[in-house]
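Just so you know, we're using the numbering used here here: the sequence shown kicks off at 2 and counts up by one. Below is one structure; the comments refer to it alone.
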Amino acid sequence: MSPEHRTTSQLDLADQSGIKKVRRLAAIAMAVTVAVATPAVAVAASMASAPGARYATGPGKCESEKPGKPGQKDGHKCPTPTVTVTRTVTATPTVTATVTATATVTATATVTATATATACGTTVDSTKPNGNEQFLAALTNGLPFAGRRSTSSNDPDNPDITSGPNNDPGWTDLSTITGFPDDKTVCGVSVDAQGSDAFYKIITQDGLVYTLHCAANGQTLVCPAPAQGQVPESQWVPVDPQP
């Protein structure tokens with residue numbers, strides 16, 4: 002074999018392979034340290050070799066090529082490098098807070114009740130123009146009624162009420178006669194009679210007064226008064242002026 006010819010031994014290959022591994026692990030450790038060096042997380046990487054061994058920083062053999070100890074097959078084999086990477090992680094704790102809120106709601110309701118009166122009450126009125134008859138007026142549930150009662154010295158307390166041209170039993174409903182203020186509440190009624198005439202008056206809740214002429218010939222009570230010649234049948238009319 003020529004002196005210039007050189008072959009690469011297995012030891013040389015092992016040397017270079019170990020150095021490459023060391024470099025690769027060192028580069029990984031440094032990259033990890035730079036990438037995560039923040040206040041929240043810190044990673045430290047360090048390398049330590051096996052005791053008694055030093056590794057070259059460049060291509061070449063191990064600086065120590067001591068013969069192997071008795072019993073070793075190969076005293077020139079470089080020791081397998083040992084790399085220790087230490088990673089320290091600082092974590093920021095997460096705190097979960099539970100807040101319980103109590104709300105008190107106070108509601109005030111104002112209720113306004115409006116009562117509409119359908120009548121101002123009940124009342125009765127009467128007049129006795131002679132010794133033979135009495136005319137009566139009654140108000141109930143806002144409706145005025147007219148009636149007649151026969152009286153005599155033989156029966157002054159006759160209770161029978163009649164009305165109409167035939168003296169039918171009962172009262173005449175004056176709210177059915179033309180001109181009655183249906184849109185108003187009647188609060189009072191009265192009657193007066195003289196000769197062959199009877200006059201009924203009503204007053205509404207808002208103070209309006211109406212009058213109605215009825216025929217009273219001394220034997221019957223007819224409301225409204227029937228038409229006579231040029232005088233038309235009577236009806237409710239508001240007085241003028243109003244009180």
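The beta carbon of each residue, even a glycine, is placed where N, CA and C say it ideally should be. Please read all numbers here as calculations on a predicted model, not as lab measurements.
*At what residues does the beta strand (DSSP E) containing Thr-141 begin and finish?*
134–141
*Should Val-238 go down as buried or exposed, given a rule of 16 or more other Cβ atoms within 10 Å for buried?*
exposed
*Stretch-stretch touch, CB-based, cutoff 8 Å, three pairs: the region 143–161 with the region 225–233*: no
*Ignore the nearest five residues each way along the sequence and tell me which others in Ser-176's own chain have a CB closer than 6 Å to its CB.*
Leu-144
*Measure the beta-carbon distance from Asn-168 to Thr-221 and round it to whole angstroms, keeping in mind my assumption that it falls under 8 Å.*
6 Å
*asked:* I believe Ser-235 touches His-214 by the beta-carbon criterion, under 8 Å. Please report the beta-carbon distance rounded to the nearest angstrom.
replied: 4 Å
_Proximity to Pro-166 [Cα-Cα], best of Pro-242, Val-223, Val-232_ = Val-223
*Report yes if the CB atom of Val-187 is closer than 8 Å to the CB atom of Leu-137, and no otherwise.*
no
*The beta strand (DSSP E) with Ile-203 in it runs from where to where?*
198–205
*Do you know whose CA, among Gly-132, Gln-243, Pro-157, lies nearest Ile-203's CA?*
Gln-243
*Where the beta strand (DSSP E) through Asp-156 begins and ends*: Note, Asp-156: premise wrong, no beta strand (DSSP E); not H, not E.
_My output table needs one value for Leu-213: the three-state DSSP class, helix, strand or coil._
strand
*To the nearest angstrom, report how far apart Arg-149 and Glu-134 are at their CA atoms.*
7 Å
_Quick check on DSSP: helix, strand or coil for Thr-221?_
coil
*In terms of alpha-carbon separation, which member of Val-232, Thr-173, Asp-198, Pro-233 lies closest to Pro-219?*
In the sequence on display, residue 219 carries Gly and not Pro. Residue Asp-198 is the option with its Cα nearest to Gly-219.
*Can Thr-216 and Thr-128 be called in contact, C-beta distance under 8 Å?*
In the sequence as presented, Thr is not what sits at residue 216; that position holds Ala. In this structure, Thr-128 does not lie closer than 8 Å to Ala-216 by Cβ.
_CA-to-CA distance, Pro-130 to Pro-157, given in whole angstroms_ = 14 Å
*So what does Phe-181 bridge to, in DSSP terms?*
In DSSP, Phe-181 forms no bridge with anything.
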